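Asks: Chains as they are written, first to last, in my numbering: chain A, 1 to 315; chain B, 1001 to 1542.
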Amino acid sequence: MAEYIIKRLIYSVLVLLIMTTFIFVVMRAVPGDVVTLQLANSGATEEQMAALKSELGLDKGITTQLGEWVSHAVQGDLGTSLWSGKAVSDVIFERIPVTLQLAVMSMILAIIIGIPVGVISAVKQNTLIDHFLRVISVGGLSIPNFWLGLILLTGLSLALNWIPPLGYQSFAENPIVNLQQMLLPSICLAITLSASIVRMTRSAVLDVLHSEFIRTVRSKGAKEWVVIFKHALRNSLVSVITLIGLQVGYLLGGTVVLESIFSLPGLGNLIYESVLSRDYPIVQAAVLMFGTMFLLVNLIVDVMYGWVDPRIRTR
Amino acid sequence: MVKKLRLYINILLAALLLLGVSACSSGTFKNTNGKTNSTGEKGSTEPKKGGTYTILAAADPDMLDPHRQSSIYTNSLAGLVYNKLVSFETGPGVEFTDYKVVPDLAERWEVSDDGKVYTFYLREAYWQDKPPVNGRQLTAEDVVATMERIINLPGHQASLLSAVESVKATDDRTVVFSLKQPFAPFLNFMANHFMWILPKEGIEGKFDLTTDMIGTGPFILEEWKDNVQATFKRNPNYYEKGKPYLDRVIYKVVPDQSARIAALRTGQAEAIGQLSPQELAQLKKTNPDFDIFEALFPTQEQVYVNIKKKPFNDLRVRKAISLAIDRKKMVDNIYGGGEVSGPVNPSLGDWALPLKDREQLMPYDPEAAKKLLAEAGYPNGFDTTLMVTDGYGPQLVRVAQWIAEDLRNVGINAKIEVVEYATYYSERWPKVEYDMGIGYQTYFQEPDEWLRTQLHTNGAKNWYNISDPKLDKMLDEQRLILDQEKRKEYVHDIQRYVLENLINPIPISTYYTKTPRPPYVKDSYPHASYGYGYLRNVWFDK
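(1) Along chain B, which residues have their Cβ under 9 Å away from the Cβ of Asn235(A)?
(2) In the DSSP assignment, find the unbroken beta strand (DSSP E) run with Gly1439(B) in it and report its ends.
(3) Check Trp1450(B) in the structure and name its three-state DSSP category.
(4) Rounding to the nearest angstrom, what Cα-Cα distance links Leu1373(B) and Glu1359(B) in this structure?
(5) Since Asp33(A) meets chain B, which of its residues come closer than 9 Å, beta carbon to beta carbon?
(6) Please list the residues of the segment 261-295 of chain A that have a C-beta atom closer than 8 Å to any C-beta atom in chain B, keeping them in chain order.
(7) For my contact list, Val117(A) and Val198(A) are in at a C-beta cut-off of 8 Å; report their separation, rounded to the angstrom.
(8) Report the start-end ranges of each alpha helix (DSSP H) in the segment 74-145 of chain A that is 4 residues or longer and not cut off at the edges.
(9) Could you tell me the alpha carbon to alpha carbon distance between Glu1433(B) and Gln75(A), rounded to whole angstroms?
(10) Going by C-alpha distance, which of Ser1276(B), Arg1265(B), Trp1196(B) is nearest Thr1286(B)?
(11) Quick one: does Ser89(A) have its CB under 7 Å from some CB of chain B?
(12) Pick out whichever of Gly1093(B), Ser1087(B), Glu1107(B), Ser1112(B) has its Cα sitting closest to the Cα of Lys1100(B).
(13) Please confirm whether Ile1307(B) and Asn1465(B) have their CB atoms less than 7 Å apart.
(14) Strictly by DSSP, which residues pair up with Glu1417(B)?
(15) Measure the beta-carbon distance from Ile1150(B) to His1067(B) and round it to whole angstroms, keeping in mind my assumption that it falls under 8 Å.
(16) Taking 8 Å as the cut-off, does the segment 284-292 of chain A touch the segment 92-109 of chain A (at least 3 CB pairs, one atom from each stretch)?
(17) CA-CA distance, Gly1533(B) and Val135(A)?
(18) What is the DSSP secondary structure of Gln1302(B), counted as helix, strand or coil?
(19) Please classify Val1021(B): does DSSP put it in a helix, a strand, or coil?
(20) Look at the alpha carbon of Lys1470(B) and the alpha carbon of His1492(B), and state the distance between them as a whole number of angstroms.
(21) Once you ignore the five residues that flank Gly1034(B) on each side, which residues in its own chain have a CB closer than 7 Å to its CB?
(22) Taking a Cβ distance cut-off of 7 Å, strictly less, list which residues of the segment 1263-1281 of chain B are near chain A, in chain order.
(23) Does any residue of chain B bring its CB to less than 7 Å from the CB of Gly167(A)?
(24) May I ask you to report which of helix, strand or coil DSSP gives Asp1171(B)?
(25) Of all the CB atoms in chain B, is at least one closer than 7 Å to the CB of Trp147(A)?
(26) Just confirm the distance between the C-beta atoms of Pro31(A) and Thr1423(B), as a whole number of angstroms; I'd bet it's less than 8 Å.
(27) Any beta-carbon of chain B closer than 7 Å to the one on Ser157(A)?
(28) Since Trp1109(B) is in the beta strand (DSSP E), which residue starts that stretch and which ends it?
(29) Do Gly85(A) and the ligand ADP come close, with the Cβ less than 6 Å from some heavy atom?
(30) Rank Tyr1121(B), Pro1047(B), Pro1346(B) by C-alpha distance to the C-alpha of Phe1171(B) and give the top, closest one.
(31) Can you name the start and end residues of the beta strand (DSSP E) that Leu1122(B) belongs to?
(32) Compare the Cα-Cα distances from Ile108(A) to each of Ser263(A), Gln247(A), Ala87(A) and report the closest residue.
(33) Less than 7 Å between the C-beta atoms of Pro1199(B) and Asp1142(B), yes or no?
(34) Relative to the alpha-carbon of Lys53(A), which residue among Gly67(A), Leu14(A), Leu37(A) has its alpha-carbon at the smallest distance?
(35) Do the segment 1059-1074 of chain B and the segment 1265-1283 of chain B make contact, defined as three or more Cβ pairs closer than 8 Å?
(36) Going by C-alpha to C-alpha distance, which of Ser277(A), Thr255(A), Leu16(A) sits closest to Ile96(A)?
Take a look at the structure:
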C-alpha cells in the first residue's frame, strides 16, 4: 500500500507540473496584459509602460518566466500579485479555508442525503416511493446550482425578509454567523451532488442485491437490515466513493459561481477575478491549489477503496 | 479582479467586474417620487447623530493608495478619509451637473493676473488621530509632498498636473503653484477625484499607504478586511464642526447584483448603486417607500470607427451612421430614459452643448443616411463588424444589437463581435484593431478631458487614429482661455466643429441612472466625481 501511495504521489506531481505549464502558457497567450490594463487610461508613455513591464518581470521570454516561476514555486515562493503587490501565498492561504469549508460541508450534506435516499430507492424498487425519489433526483441533477442560489436568496428576502448576514466571518471568529453564511451555498452545491449519489447508490445496491452471495446471506437467515447495510451497501460503496472522488472537480468548479453569489471571499471567487484582470501569479497559484485538492481527494479515495474492500488492499 | 477590471473595468472605468463594471456613483438630479430627500413628509429636519451606513459594492479595492490606483473603488473610499485642496460644490439646490469649485482644505485661493501663479491658503485642519501622524495639524509641507508624489508616479493623476512647473510652501499654511503657461482647466483638475492630499508620514513610508489611510476627512478607517469589508468610524476632529452625523460607514463586497438587491430589501444596506429599469420595477413592488434618484450617467456610449480604414475615412459615411441611429427610442427602451449625448458629456452641465443643439446636430433620419451612403459610393451599404464587450454588463450589448439593427435599415450590415473585457480594454480598442466599436468612456470631469484626450492627435485616449491639425489647434487654444464664459463658448464651437467635420467617436446617448435609497436616509447629495465624502452630511431619520 505504501508503495502504491508513493507511486501515486509521483504521478500527482507530474500532473501538477503539466497543468501549471499549460495554464502558464494559456494565460499569456490570451490577449490583454496587466500593464496596459493598469496604465492604458493614464497617458503613460511607452517608456513608462516598458518600465512597469520589466518591474513585473513580464518583459522576459516565456520559457525564462516559466523556469523562474517553477524554481521559486518549488521553494514555496509563489510570487506577488501584479495588482496589489501582496504575496500570493498570503492571498491564497487567506482564501483556501473558505473554499475548503464550503466543499467539505457540501460533500457531507450530499452524502447524508444521497446514500440513505439511494438505499431506500433500491430497496423499494419500482414502488411509488422509488419513482418519486427518482423524479426528485433527476430534478436535482438538472437544476443549475447558481440558479438555485439566486432563487434561494431572492425567495428568502421576499418571503422571510431575511438573507444570511453579509460580511464573511470565519468559523473561529463567529460560528453562528459563519454557518448561516455557509449553509445556503452548501445546500446549492449538495443538491446536484446528492442527486448523482442517489442514482449511483441505487443502481449499485440493486446490483449487489441481485447477486448470489446476497441470496446465500438471506438463506442463512440474516435480518433484512443486516443484508442491506452490512452486505449490500458496503459492497456498493466502492462505486459510490469513486463517484464522489470524481465529483470533487464539479464541486470545486461550483464554488467559483456560488462564492460570488453569496459574497464569500474564497478561492473560486479569486480565480475568476484574477483571470479577468490578468493577474498571472494569482491564477497560477490558485490553479495549483485547485489541482492539488483534486488530486489529494482522489488519492484519499484510492486509499479508501482498500478500507471498504479488503480484496483491493491485498492486491 | 474584476475589481480591477471594472476597474470593471474600471480600471479605469466603469467597469468593472466587471465584473460589475458599472459603478455606484450617481447624483441627485431628480427624485421621481417628487419628494426632495432632505425633508420627508414626516419626521424631523434637524439632523440626528448615529447610525451605520452600509454600502455594498461589486468589488474591493486592490489597494488603498489613491495615487497608485485610478479605480473607482479605491477613490470612492478615499473620499471618506481624505480631502482635496478644493472640491466640487454639492448640497440642496445644487444641480448634479454643476462643477463649481469650492474650498476644501484650502479655505481660499488667489490667481495671478497672468494666470500662471495659484496661491492656496490652508484652513486650520488636523490629521486623524492615528499613529504615526497622531492628529497633528495639516501643513503646507503635506500638500507639497503630495503634489510631488503625484507628479512622480505614472498614471492619469500625473497628466492632470502636467502644466505645473513648481509647487512651493511659502509658510506653514500657504502653497504656491507656478504653471508653465496659463491653463484654464487647472482649478477643476485640482478638484479632480484623484487629487487627495496625503500626510507627509505616509509619503515617507512611515505607514503603509496601500493598506491604511490616514487623512483629514470625515471618517477614520478602523479596519480593512481584504475582500470582505472596510469599516470607518466618525472623525471627531473633522474640520466641519458637528459633522459627520453617522457613527459608522461600512463598505461590504457583494459581487452579485441579485444578492445586493436582496440585502437592500432586507435592510442590510443603504446603498447598492444603480439598478436597471427591470430591477427597479421589481423593487418598487416590494418596497414602494424607497426613494429613487435619477441622475445623468457620468459617461456615455460612443460608437467609434477606425478613421484610417475604408469606408470610414469618408465623412459622409460617418454622418450616415450617426443619422441611422434612433438614439431617443434606444435609450428609452434599453435604459428607461436618457438624452442624446454630445462630444462633451451632458453630465458636465453647460459645458456640453444644449440638448436642443445636440438633437438638431444628431437627428434620426434613415432616408438622409441612405442618400449620404449613395453619394459616398455605397448605394447598397457595406459589410462590417461592430465590436462590443460584455464587461460592462448586458445593457451595452443590447445597445450594440439595437444599433446593428438600425444600421441594417440603411444597408450597413454590421456583425456584432463580443470581446472579453481585458482584451477589449488593453488590446483591441487602444491598438485600434477594429472597424467599428461601441463602448463607454471613462468618467471624465473636465471638457478638456472629453475633447483633448480623445480627439487631439497626441491625446492619451485617441484610440481612433484621429489627426486633424485644425482641431488640434482649437483644442490647444481652449486651454489658454481663462475667462470661463468665453472658454465655454469656444468649447461649444469646438463641439459643433467636431459634429460637423469629424463625428468620431459618434456620441450616442447619456442615460439617467436610477439609484434606490431607503426613505430614512436624509441629506444625501452625491456628485459625479468619485468619493463617498458626501456622507459627511447624511443622517438617518428613524
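Here a beta-carbon is modelled for each residue, glycine too, at the ideal position from N, C-alpha and C. The structure displayed is predicted, hence computed values, not measured ones.
Replies: Taking the structure as given:
(1) In chain order: nothing, as chain B lies at least about 44 Å away.
(2) 1436-1440
(3) helix
(4) 21 Å
(5) Ala1422, Ser1426, Glu1427
(6) Ile261, Phe262, Ser263, Pro265, Asn269, Leu270, Tyr272, Glu273, Ser274, Leu276, Ser277, Arg278, Asp279
(7) 5 Å
(8) 88-123, 128-142
(9) 42 Å
(10) Arg1265(B)
(11) no
(12) Ser1087(B)
(13) yes
(14) Met1387(B)
(15) 6 Å
(16) yes
(17) 56 Å
(18) strand
(19) Here the model assigns Val1021(B) a pLDDT of 31, short of 50, so the residue's position is not dependable and the matter cannot be decided.
(20) 16 Å
(21) Reliability fails at Gly1034(B), whose pLDDT of 34 lies under 50, so the model's placement of it is uncertain and the value that follows must be treated cautiously. So the list is empty, once near-sequence residues are dropped.
(22) Ala1263, Arg1265, Thr1266, Gln1268
(23) yes
(24) strand
(25) no
(26) 4 Å
(27) yes
(28) 1106-1111
(29) This structure lacks the ligand ADP; in fact it carries no ligand of any kind.
(30) A small correction: the amino acid at residue 1171(B) is Asp; Phe does not occupy that position in the sequence shown. Answer by Cα proximity: Tyr1121(B).
(31) 1117-1122
(32) Gln247(A)
(33) yes
(34) Leu37(A)
(35) no
(36) Thr255(A)
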